[in-house]
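What follows is a set of notes on a single structure, which appears directly below.
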Amino acid sequence: MLYFNSMRIFISYSSPDINIVSVLADQLKMYGDIYYWDKDNTPGESAWEQIFSWIENSDIVLVLITDATIARAMSVGQEVGKAKAGKKLIIPIVTSSVSKNDLGFLSDITYKEIDINNPAPAINQIMDLITCKNKEEFQKLSLILVAIGFFIWLQNKK
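So the numbering used here is basically just the index in the sequence shown, starting at one, shifted up by 1098.
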């Protein structure tokens, strides 16, 4: 059951992996707004301003790491650096062909391994995590609303 549909998710990836990203985004779109370069870029705008804005406004940053990412990880590294600086929840999604030694400064973050030939189990676990985050956000919002309601009730009692 989805409680709160305002989750913002940014996906960082290497361009050759767009097919995997599209499947992942399609599965996750029911949980909130999904942002990634190939879907959301605006021609004529600064690329990094757009990307950094998506990261700054995200609740979760998913980082897809494949052999293609390792081969040309400069952009993904910048995106992860921005997410870390913003203290975002970062979830690395790593293919089995990538060595933990290649994860660089993501090596200290627990990652989810994904099988490119059968991505469903990994995607389902990520969806479960996002559902849990949505519940936490809903609970926080509910507590705030209860507190506001109580404050208004107290004010009306005077």
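Backbone N, C-alpha and C define an ideal beta-carbon position, used for all residues, glycine too.
Buried or exposed for residue i, going by 16 or more other Cβ atoms inside 10 Å?
i, result
"Trp-1146", "exposed"
"Thr-1167", "buried"
"Val-1192", "buried"
"Ala-1220", "buried"
Taking the C-alpha atoms as reference points, what is the distance between residue i and residue j?
i, j, result
"Val-1174", "Asp-1213", "20 Å"
"Met-1259", "Ala-1181", "Given that the chain is displayed from residue 1099 to residue 1256, the structure contains no residue 1259 and the question cannot be resolved."
"Thr-1164", "Arg-1170", "10 Å"
"Thr-1208", "Pro-1190", "7 Å"
"Gly-1142", "Gly-1202", "32 Å"
"Asn-1155", "Leu-1122", "20 Å"
"Lys-1137", "Gly-1130", "15 Å"
"Asn-1139", "Asp-1124", "17 Å"
How is residue i classed by DSSP in three states: helix, strand or coil?
i, result
"Tyr-1134", "coil"
"Asp-1165", "helix"
"Thr-1208", "coil"
"Ser-1200", "According to the sequence provided, residue 1200 is Asp. The question's Ser does not apply to it. Three-state DSSP puts Asp-1200 in a helix."
"Pro-1141", "coil"
"Pro-1190", "strand"
"Ile-1107", "strand"
"Asn-1117", "helix"
"Asp-1157", "coil"
"Pro-1215", "According to the sequence as given, residue 1215 is Asn; it is not Pro. If DSSP states are grouped into helix, strand and coil, Asn-1215 belongs with coil."
"Lys-1127", "helix"
"Tyr-1184", "Correcting the residue type first, residue 1184 is Gly in the shown sequence and not Tyr. In this structure, Gly-1184 counts as coil in the three-state DSSP scheme."
Suppose contacts are defined by Cβ-Cβ distances below 8 Å. Is residue i in contact with residue j by that definition?
i, j, result
"Lys-1210", "Ile-1224", "yes"
"Leu-1162", "Asp-1115", "yes"
"Tyr-1111", "Tyr-1134", "yes"
"Ile-1228", "Ile-1153", "no"
"Ile-1118", "Leu-1160", "no"
"Leu-1126", "Ile-1149", "no"
Kindly indicate if chain B contains any beta-carbon less than 8 Å away from that of residue i.
i, result
"Ser-1120", "The displayed structure is made up of one protein chain only, and chain B is not part of it."
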